[in-house]
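I have placed the structure first, in the form of structure tokens, so that the comments after it can refer back to it.
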Amino acid sequence: MRFLIALYFFVLASPLVRGQNLVPPIENYRIFEYKAASKNWDLAVSPEGELFVANNKGLLHFNGEHWAFYQLPNKTTIRSVAWVRDKIYTGSYEEFGFWEMNVFGILEYTSLIHLIKDHEFTSEEFWQILPYGDAIVFRSFSGIYVLEENQITNIEPRIVVNHMAVWEGKILVAGGNNGLSYLQGKELVPINGTDMLNSKIVVDMESTNNGLLIGTKLHGVYFFKDGLLRSLDDDINMELKQHQLNQILPLINGQVAFGTIKNGIYFYNLGDSSYYSVNREAGLQNNTVLSLEQYNDQLWIGLDNGIDRLQLDNPLTYYTDLTGMVGTVYDVAKHKGTIYLGSNTGIHYFEGKKLKFVEGSQGHIWDLEVIDGKLFCGHNTGTFILENDNLNLISEISGGYQMIKVPSSASLYLQGTYTGLARYLKEEQGNWSVKAIEGIAFPIKYLCFENPTTLWVAHPYKGLFRVFLNENYTKVVRIQEFKEDSIPNVYNIKLYNIKNQIVLYSDGIWYKYDPIRNGIFVFEEFQDYNFKELVHFDRDYYWFRDHEGAKELIVTNLNDDNFVLEDAQLGRRLVPEAENVIKINDSIYFFTLSDGIGKLNLANFRSQLGKFELTVPRLVFFKDKDGAHALDGTPFVIENKRSREIEMEFAAPNMVQPKYFYILKGPMELSSNVDNGILKFQNLPYGTYVLEIFTVGINNARSQSRTIEFQIKPPWYLSNLSFVGYGLMGLAIIFLVRGYNSRKLRRKHSLLKEKLEREQQEQLAQLEKEKLAKEIKVKQKELTSTTLSMARKNELILELKNLLLMNKSKFDNQQRYRSFMKKLNSAISDDEDWRHFEVNFKELHNDFFETLLQRYPNLTPKDLKLCAYLKMNLTSKEMAPLMGISTRGVEIHRYRLRKKLELDSEHNISNFLITLK
Numbered sequence: 014m015r016f017l018i019a020l021y022f023f024v025l026a027s028p029l030v031r032g033q034n035l036v037p038p039i040e041n042y043r044i045f046e047y048k049a050a051s052k053n054w055d056l057a058v059s060p061e062g063e064l065f066v067a068n069n070k071g072l073l074h075f076n077g078e079h080w081a082f083y084q085l086p087n088k089t090t091i092r093s094v095a096w097v098r099d100k101i102y103t104g105s106y107e108e109f110g111f112w113e114m115n116v117f118g119i120l121e122y123t124s125l126i127h128l129i130k131d132h133e134f135t136s137e138e139f140w141q142i143l144p145y146g147d148a149i150v151f152r153s154f155s156g157i158y159v160l161e162e163n164q165i166t167n168i169e170p171r172i173v174v175n176h177m178a179v180w181e182g183k184i185l186v187a188g189g190n191n192g193l194s195y196l197q198g199k200e201l202v203p204i205n206g207t208d209m210l211n212s213k214i215v216v217d218m219e220s221t222n223n224g225l226l227i228g229t230k231l232h233g234v235y236f237f238k239d240g241l242l243r244s245l246d247d248d249i250n251m252e253l254k255q256h257q258l259n260q261i262l263p264l265i266n267g268q269v270a271f272g273t274i275k276n277g278i279y280f281y282n283l284g285d286s287s288y289y290s291v292n293r294e295a296g297l298q299n300n301t302v303l304s305l306e307q308y309n310d311q312l313w314i315g316l317d318n319g320i321d322r323l324q325l326d327n328p329l330t331y332y333t334d335l336t337g338m339v340g341t342v343y344d345v346a347k348h349k350g351t352i353y354l355g356s357n358t359g360i361h362y363f364e365g366k367k368l369k370f371v372e373g374s375q376g377h378i379w380d381l382e383v384i385d386g387k388l389f390c391g392h393n394t395g396t397f398i399l400e401n402d403n404l405n406l407i408s409e410i411s412g413g414y415q416m417i418k419v420p421s422s423a424s425l426y427l428q429g430t431y432t433g434l435a436r437y438l439k440e441e442q443g444n445w446s447v448k449a450i451e452g453i454a455f456p457i458k459y460l461c462f463e464n465p466t467t468l469w470v471a472h473p474y475k476g477l478f479r480v481f482l483n484e485n486y487t488k489v490v491r492i493q494e495f496k497e498d499s500i501p502n503v504y505n506i507k508l509y510n511i512k513n514q515i516v517l518y519s520d521g522i523w524y525k526y527d528p529i530r531n532g533i534f535v536f537e538e539f540q541d542y543n544f545k546e547l548v549h550f551d552r553d554y555y556w557f558r559d560h561e562g563a564k565e566l567i568v569t570n571l572n573d574d575n576f577v578l579e580d581a582q583l584g585r586r587l588v589p590e591a592e593n594v595i596k597i598n599d600s601i602y603f604f605t606l607s608d609g610i611g612k613l614n615l616a617n618f619r620s621q622l623g624k625f626e627l628t629v630p631r632l633v634f635f636k637d638k639d640g641a642h643a644l645d646g647t648p649f650v651i652e653n654k655r656s657r658e659i660e661m662e663f664a665a666p667n668m669v670q671p672k673y674f675y676i677l678k679g680p681m682e683l684s685s686n687v688d689n690g691i692l693k694f695q696n697l698p699y700g701t702y703v704l705e706i707f708t709v710g711i712n713n714a715r716s717q718s719r720t721i722e723f724q725i726k727p728p729w730y731l732s733n734l735s736f737v738g739y740g741l742m743g744l745a746i747i748f749l750v751r752g753y754n755s756r757k758l759r760r761k762h763s764l765l766k767e768k769l770e771r772e773q774q775e776q777l778a779q780l781e782k783e784k785l786a787k788e789i790k791v792k793q794k795e796l797t798s799t800t801l802s803m804a805r806k807n808e809l810i811l812e813l814k815n816l817l818l819m820n821k822s823k824f825d826n827q828q829r830y831r832s833f834m835k836k837l838n839s840a841i842s843d844d845e846d847w848r849h850f851e852v853n854f855k856e857l858h859n860d861f862f863e864t865l866l867q868r869y870p871n872l873t874p875k876d877l878k879l880c881a882y883l884k885m886n887l888t889s890k891e892m893a894p895l896m897g898i899s900t901r902g903v904e905i906h907r908y909r910l911r912k913k914l915e916l917d918s919e920h921n922i923s924n925f926l927i928t929l930k
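Under the working numbering, read the sequence shown as residues 14 to 930, first letter to last.
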């Protein structure tokens, strides 16, 4: 069978041993943690274990993981608080009402003052809230108010009401000078036999199975039963009178807790009248107890400065040295029924409830060993034997680290010291002979035997050595040193002889020495315990300190019996690198702490296995990126844009420092441990998720799961509406594409048509152009031909004229000659030929003359005629007949025309006119 035990889960019913001032674990909640005022006047706990505190500034709520703070509308001090039927009732200055949790996990306040008819308060504060059947009673010093069926009845008792209690079905009232009374209707009826309380201030009354406990401010506690009132045992009353009683709370283990103003809490056993105290010296933050409340094994304590939680009847108890006088404890030993502590300040021991100091032991104590009925003390300055509270120095060799017995010898021991090894030999007369062993001269903190003459030793800081001794243990014969080639790190090595094997712990890894191979190798049997240092072992169990978990002591028989001691205080207070577990007997173990000692009753611890039921975790809040969701039991639906961060808190109020485990199922699957109750998810894919959260306990056992469903909506672009839109958009796109393609085809068709028409027009234009060019060419040929014909005609006429001139004398009739010459001249200068030429020329060059005249307005018609002939590229010889002048005359005319056209000699006049546009 395998056990894993988390200490803080369990309740054990055995009382603490009287006379040893060891107390259960105390959790301190300081002002900076709960973030309110220092004074805590009253406490209430829900059936699930949630704590509600009447604080000087308002109402505190602790869900087991985190604190929440609320204030009344008028922000007055809350003096009283009570949990009644799923509501939290509070009383304040001239105000009382109730708080309820809304769907977001936040408390909301409702005042009840409006139910009081025809009444005005006279500076009343409500110090007590008392459930009574279906009614709830609110008490101030001057009045009693009964809430029933949504109506409030006001009772004016005409006395100062110090306290109330329900006993034997009646409401008891303490106040005034007439002892106790009970409420009958609106009247107070005195109770016979309580005259002893006259003129005494009653601060609390609590019923027990045996009767009624009545606590007074300055006169201790009284017990009332069967009409008789008597004072409690004088011993406890002496304490309560001296330290001013303020609170009474009967506990479920049969004890009674008395809270005082000056000295914390007294735990009193009604059966045997025994008691013990828990005060500031034992771990409370403050000695002034203002309120007490119990939930299962947990005692909540409201203090004048802070809030504490004490785990009643825990098998693990502590002695805490808050004064610093004890210091850090390195070893514990039980000798002749007395527990001795060896610390860095000296030797201390318990005598009754007091821890006393052994005079002369000042200095660092490393080792306490009971040998042959005597207590040996390894001290910074040497080694002593403690007898009858007196220290006797037996060795002046400084620094007694560790003393071990030589195998197969009944009277010989070796000790590691600051300077080497020392031999302790018990002589026949009973005296001890101590001698330094020769041949070794360095500090030895850890040592163990491989065989009777072979010793393994470790330097406190570096070095691992195998030491060979002579038969008399007076001298070192040989030293074998192991360096980095044997083990990766030779610094701060721990040495053990486990089942006749030399076992080493270095840098979190376990090794062993193999004598056959004469080397150091990984210790396979301990590989499950890497990074777990062995702090104690015996024939039954091995105790490992979990340096990864930092809070756990793992106890195992290396087979099938294993358990874990996990306590926050134990984890914080174990001495780093010097953890020590001391077995006193089969049930009692001590732990050395940085400020005291811890004690474990293992038998009681085991007797409680299986009695603790893990709590199903409660969902405290659920929120996404933009805010909280209502806790109304329906699945949570989260908009995608708000899902980048999802946070939720869980609590198990009835457990101290609970742990959780979750399994997330859905589009993304996750699982992990949760330590502080806060669970966060980031950037989860959309979809539906199922979250299972468990409280984790023994052997990683899990409670029943709390199942939470939540849905992350898809992003807007993947929602159903978006898909409908996408469908419509797709149809629209198809329609638009078809329309576009249709328009494109039509446009393409139109463009093709236009292109064809354009090409046709271009072809027609080209044809027209070619036709026109042909026509122009024809006309040019015709014009040229006509012009040349005219030139030949005129040339013939001129030749004929010249011939006539040459034969003028041959004409008999001169008149006839002149008539003939006149006709020839007329034929040469025939304007009809020119007009015909001009018409044909203008058809080819329609703007030629206008352009010339526009640029050169001084040109004459004869100049224009010459320009026309030059544009046709006629030679002077060809132009002479057309103009009726000689070739020389044409040249002269061309010269004059060049001047009019402002052309220099370098420019060809014909080219100029041909290119003129």
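All C-beta atoms in this analysis are idealised placements derived from N, C-alpha and C, irrespective of residue type, glycine included.
Burial state of residue i, where buried means 16 or more other Cβ atoms lie within 10 Å
i      : result
ILE378 : buried
LEU303 : buried
GLN717 : exposed
MET251 : exposed
ALA435 : buried
PHE45  : exposed
ALA454 : exposed
ALA714 : exposed
LEU29  : Note on LEU29: pLDDT 30, under 50, position unreliable in the model; the coordinate value appears next. The residue in question, LEU29, is buried, as its Cβ has 16 or more Cβ neighbours within 10 Å.
Where residue i falls: helix, strand or coil (DSSP)
i      : result
PRO263 : strand
ASP599 : coil
ASP541 : helix
ARG655 : helix
MET892 : helix
SER735 : helix
TYR47  : helix
GLY679 : coil
N- and C-terminal bounds of the alpha helix (DSSP H) containing residue i
i      : result
ASP876 : 874-884
LEU866 : 861-868
LYS366 : Counting along the chain, LYS366 falls outside any alpha helix (DSSP H), and DSSP gives it neither H nor E.
SER124 : First-last for SER124: 120-124, but that is the beta strand (DSSP E), not the alpha helix (DSSP H).
Anticipated Cβ contact below 8 Å, residue i with residue j, distance rounded
i      : j      : result
LEU125 : GLN164 : Actually they do not touch by this definition, with Cβ atoms about 10 Å apart.
ALA148 : LEU160 : 6 Å
VAL58  : GLU306 : 5 Å
GLN257 : LYS275 : 6 Å
PHE618 : GLY611 : Not a contact, Cβ separation roughly 13 Å.
VAL383 : HIS348 : 5 Å
MET11  : THR708 : Because the chain spans 14 through 930 in this model, residue 11 falls outside it and cannot be assessed.
Beta carbon proximity, residue i to chain D, threshold 8 Å
i      : result
ASN696 : In the structure shown, chain D does not exist; there is a single protein chain.
Spatial neighbours of residue i in its chain, beta-carbon cut-off 6 Å, leaving aside the 5 residues before and after
i      : result
ARG756 : none
LYS387 : ILE398
LEU368 : HIS361
GLU904 : SER889
VAL291 : VAL36, GLY277 and ILE278
Close Cβ partners of residue i (< 8 Å) along its chain, the five nearest in sequence each way excluded
i     : result
LEU13 : Only positions 14 to 930 of the chain appear in the structure, and residue 13 is not among them; the question remains open.
Residue i: first and last residue of the uninterrupted beta strand (DSSP E) it sits in
i      : result
HIS74  : 72-75
ASN282 : 278-282
GLU904 : Note, GLU904: premise wrong, no beta strand (DSSP E); alpha helix (DSSP H) at 900-913.
ASP55  : 53-58
Residues near residue i in its chain [Cβ-Cβ closer than 7 Å; skip 5 each side]
i      : result
ILE927 : LYS884 and ASN886
ARG31  : Here ARG31 scores only 32 on pLDDT, less than 50, and its place in the model is too uncertain to base an answer on.
ARG655 : ASP637, LYS638 and ASP639
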